[in-house]
Each structure stands twice: as structure tokens, then as C-alpha cells.
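Heads up: the sequence shown begins at 1 in this note's numbering, then just goes up one per residue. Idealized CB from N, CA, C, for every residue including glycine.
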Amino acid sequence: MTSGPLLSIVVPTFRERDNIAALLDRILGVVGDLRWEIVFVDDDSPDGTAAVVRRLAEDDARIRLVHRIHRRGLAGACIEGMLATTAPFVAIMDADLQHDERLIAEMLRALQDEPLDIVIGSRHVGGGSVGAWAESRQLASRVATRLSHFVLKADLKDPMSGFFMLRRELIDEVVRDLSGIGFKILLDIFMSARRPLRFKELPYTFGVRVAGDSKLDSMVATEYILMLLDKTIGRYVPTRFIPFAFIGGLGVFVHMAVLWALFRGLETTFVAGQAVAALVAMTFNFFLNNLFTYRDRRLRGWGLLRGWVSFTLACSVGAVANVGIATYLFHAAPAGGLWWVASAVAGILVGAVWNYAVTAVYTWSPKSPAPARR
Ligand code: GDD
Ligand code: MN
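Structure representation (C-alpha cells):
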């Protein structure tokens, strides 16, 4: 009988083939005679990262792999990785050697010796630094950090960190509430805990990526906003409704612009102008929602055409409901003043909720079981 691991290191990977061996070397250099394991969570990287891990695992049972198919997302990968472990202490670490592995022993010691829930590798406490970051990336990180302080009660100096170690109990405590959206799993954990967490930040210098490239892009920024929304108003409204409604608002401008061009510019009849404008606005909304709101269920090829048809049909019904309800209310209580505005808003609201609900089920139906959401 051998005992199970004391520490599990969870490493999310996407296209990190050339970093795996070096990362393992570095970790072997710091774990000493500790009982440890490493769990790679790979989202079916096209570069064959999973195959590299499997090959190395043939010679070492402490190397494990969770291979996810048709899935993407750093936070989600970390969550599944943590759930795949049993160790009382779990660390999250990037595969690209940007996180300083020498912190691992110190993190574990702190968790074992002090009354802490979580220990964080921080670039913003004395002795830490972001290393060789471009000015633009530093600015982006500062903005994101500033934003997080609106929703985060803890005085975390580096809430954007993706390098930390926590007790198993904390995972069990928050896992059902995690949003699982985007990159910022640490922030997600802090916002999902229903009590102030006992944390400690240890300084380190963010390393330079040598092989492969960063997956940080504008989508990650969008997802960050979505995650913050989900953790704040998401308790009351479905998260996707927010971008959906926002895009709907943009659609109104598109509608008006097209109507203006046709009716005023080309002097078509109002009905023709209005009909074409509605179709253009719906098409515009369909594509934007497909890009952003339903990024993870994005329709492609023929699915795109089918999706567009169902979206326009659903939204046409929504428009009829909108006008019908607004008109009914408007006549039901001729209260003067701003009653017409209230009627219009009620119509818009009903229409928007209808459009959202129907297209969520028919246009972007979830194929596989929905990811970490309740
Ligand atoms: N499984 C999986 N799925 N892993 C992913 C995905 C994904 O969709 N996207 C990225 N990863 C992995 C990468 O392979 C890498 O190991 C790690 O997550 C971090 O991704 P990078 O692309 O290297 O991110 P970064 O260096 O820009 O961001 C780092 O800095 C942030 C702080 O500013 C990460 O450490 C973040 O966690 C951290 O918050
Ligand atoms: Mn990186």
C-alpha cells in the first residue's frame, strides 16, 4: 500500500506541447520527497499536448491527464482538474513556465503551518513583479485589477493571479457556486466564498514565455466582464441575458440607420423600409450573439443558416408580442404623462425576454450537458 498524494498540482494546458517536459523538470527540482502528483487538463490541443503528457506518464504514475473534448476555457479546466484530485492541498499553475515553481514549497508550508485557506503567488507585493511585460499589458492588468475591487471585498494585491494553492475544504465549499467563465479562477473563488477567506500573498516575478503563445485575447477580456456580471447580478438574471439585451440595444441603432437610409435616402415606402431594417437588425443581432453571447456554442456552416432562420422567426414573434402588449397597455390606462414610455418599455421587456428564452432553447440549444452552471 502506498499513500495518496499530499499535494496535487493542476496545470491547464492549451497548445503547450513544448513546455511540458521543462515544467516537469522544474517541478521535480522543488518537490523533494513530498507525496505529490501533477494533473494536466488539456482541451484537446491541436499540437498534441495530451500525447506528450501521456508519453511522460508511462514512466511516472504521478503524472496524470484530464483530456477534455469540445471544451475550452481556463477556469473550467482548473475546476475540473481540482475535482479530479483527492489531495488535501491543491495548487493551480500555468504550463508555460511563467509561474515560479520555487514558490510551491513555501506555499505548502504556509498552508500547513498557518490558519490559511489559500496562498497566492503575487506580483504586487514587496519583492514581486510582472517581469518583462509590455506597457499595454501592464495597463490592461491594472484596469482589470481596479475593476475587481468593486466586487471583491478582500484586499488582494494580485486578484488576477493564476498561481495559487488552496485547501481541499475550500474547493468543496465553493465549487457549486463557481461561475467557471473565462480566465480568472482565483477571483471566481474569492467571490464565490460566502465568508472572508484567510489568504496570504507570496511575492514572485512573472516569467517570460519561451515556447508557444499566450491565449489572452479580447475574448478573454469580454469573458472577464461576463464573469464579474455573473458573480454580481447573475444571481437574479441569467448571465447570457445581459450581453443579449445589450446587443439588442445596439440592434435598435442598426434598425434606425437602415430605415433612415431607405425611407429618407432612397425614398422607399415606410413599410418596406421598416421591414428591411428589421431584417437587417435581426441578422446583425444574430451574428453578434453567435460571436459573443454564445461563444461556447457558436454555430457554423449549415448550422449558421438554420440558426439564423430560427432566430429571425423567434424575434418576429417577439416583435409582434412587443407591439401588441405595448399597445394594449397604452390603451388600457390612458394615464397621460409618461404612460406611453412605460407601455413601450413593458413591450420591449416582454419582447426581449421572449426572444432570449426562445433562442436560448431553439437557436443555441445546448448539445452537451451544460458546463459548471446551476
Ligand atoms: N485547458 C485549457 N483551456 N488551458 C488553457 C486555456 C483553455 O482554454 N487557455 C489557456 N490555457 C492555459 C495555457 O496553456 C497556460 O498554461 C495557462 O492556461 C495560462 O494561459 P496563458 O495564455 O499563458 O495566459 P497568460 O500568460 O496571458 O495569463 C496568465 O497571467 C494571468 C495574470 O495576468 C495566467 O497565469 C493567468 O492565469 C493569469 O491570471
Ligand atoms: Mn502565460
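Note to self: Just to confirm before moving on: does the CB-CB distance between G234 and A75 stay below 7 Å?
What the structure shows: no
_Let me check understanding here. Comparing Cα to Cα, which of R195, L259, I189 lies closest to L178?_
I189
> With a CB to CB cut of under 6 Å and the five nearest residues on each side skipped, what residues in its chain are close to S310?
Replying inline: Y362, T363
Inset, instruction - Under 8 Å by Cβ, that's how I've got V125 and K157 pegged, so tell me the actual separation to the nearest angstrom. - result: 5 Å
Minimum C-alpha distance to V39 - residue among A22, R17, D59, V66 | V66
| query | What is the DSSP secondary structure of K231, counted as helix, strand or coil? | reply | helix
Continuous beta strand (DSSP E) assignments of at least 3 residues falling wholly in the region 113–199: 118–122, 164–167
**Prompt:** Whole beta strand (DSSP E) runs in the region 286–324 with 3 or more residues, listed along the chain?
**Reply:** none
Taking only three categories from DSSP, how would you classify P88? coil
Problem - Within the region 31–91, ranges of the alpha helix (DSSP H) (whole runs, at least 4 residues) - result: 49–57, 74–83
Q. Would you call the CB atoms of R68 and D47 closer than 7 Å?
A. no
Inset, instruction - Starting from the N-terminal end, write out each residue whose C-beta falls within a distance shorter than 7 Å of any non-hydrogen atom of the ligand ADP. - result: Ligands displayed in this structure: the ligand GDD and the ligand MN; the ligand ADP is not among them.
Review point. Is it the case that the Cβ atoms of D230 and T239 are separated by a distance below 7 Å?
Key: yes
Measure from the alpha carbon of D155 to the alpha carbon of each residue in T269, S141, I171, L197, then state which is nearest. L197
Check: Roughly how many whole angstroms lie between the Cα atoms of I185 and M191?
Finding: 10 Å
Indicate, with yes or no, if the ligand GDD has a heavy atom lying under 6 Å from the CB of R194. no
Among T85, V41, A57, whose alpha-carbon lies nearest the alpha-carbon of L7?
T85
**Report entry** Sequence-distant residues of its chain with Cβ nearer than 7 Å to A105 (five each side left out)
**Finding:** V30
Note to self: Measuring straight from C-alpha to C-alpha, what distance separates H149 and M227?
What the structure shows: 14 Å
Q.
I need the straight-line Cα distance from G265 to L250, nearest angstrom please.
A. 21 Å
| Which same chain residues, not among the five before or five after T312, have their C-beta less than 6 Å away from its C-beta? | M282
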